[in-house]
Amino acid sequence: MPGAAARGLLREAARAASRKPTHRRDSEPPDVRLNDLDERIVHALAEDARRSYADIGAIVGLSAPAVKRRVDRLRAEGAITGFTVRVDPAALGWETEGFIEIYCSRNTSPDAIKQGLARYPEIASASTVTGEADAVVQVFAADMRHFEQVLERIAGEPYVERTKSVLVLSPLLRRYSAEAPPA
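Using the working numbering, read the sequence shown as starting at 2 and increasing by one per residue.
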């Protein structure tokens, strides 16, 4: 007969096997809600993704193995989608930042916009939006001329009717992790 530890592992394996696999699009929110402890762990990781489980445990009041189990669960459930590094765009030669509003022809799907924009390495983010524009993209370019070239290429996409752009003078605030909305 297996010991208590082995029985615990078997129970966890059975629970994991009984969970339905998550098949969701990248644009869909995860099917998981974070509790207060999970949020604190996520915020600690957002501040420094290289922080050790022991360091995070000291912050949130858990052991390193307990933090690791929670992080593994959050990854499996899709709440944590990856770990990354934040780099100053200027360090990579991207000196100019701007936003481009894209106005599309009728019946252009979000997937068509996404596929069209995915090949532009200068685009840091792209989102469909409410209002007159169909999408807004954040662009990093080497200089003004490069930004203009990117703008012209995007404007030339077959689904684009027109564009409107603004340049960033100074970034005022950048957050990499947000607090949960009030209940």
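C-beta: ideal position from N, C-alpha, C; glycine also.
Report task. Count the other C-beta atoms from every protein chain shown that fall within 10 angstroms of the C-beta of D135, then say buried if there are 16 or more, exposed otherwise. Result -> For this step, residue 135 is matched to residue 134 along the sequence shown. Buried, since its Cβ has 16 or more Cβ neighbours within 10 Å.
Query raised in the report: How about A127: is its Cβ closer than 7 Å to a heavy atom in the ligand ADP?
Result: Looking for the ligand ADP in the displayed structure turns up nothing, as the structure carries no ligands at all.
**Report entry** Every unbroken alpha helix (DSSP H) inside the segment 71 to 103 [4 residues or more]
**Finding:** none
Query - Pick from F148, D56, S110 that is closest to I201, judged by C-alpha positions - result: Summary: the structure shown does not reach residue 201, with the chain confined to residues 2 through 184, and so no result is reported for it.
Query - Beta-carbon proximity check, I101 vs V130, cutoff 8 Å - result: Working through the sequence shown from its first residue, we reach residue 101 at position 100. Working through the sequence shown from its first residue, we reach residue 130 at position 129. No, the pair does not count as a contact, with Cβ atoms beyond the cut-off.
Report task. Pull up the distance between the alpha-carbon of I155 and that of L63, whole angstroms please. Result -> On the sequence shown, position 154 is the one that residue 155 refers to. On the sequence shown, position 62 is the one that residue 63 refers to. Each residue's Cα considered, the two are about 49 Å apart.
**Report entry** Those residues which DSSP pairs with T131 across a bridge
**Finding:** One-based indexing of the sequence shown puts residue 131 at position 130. BP columns for T131 are empty, so no partner.
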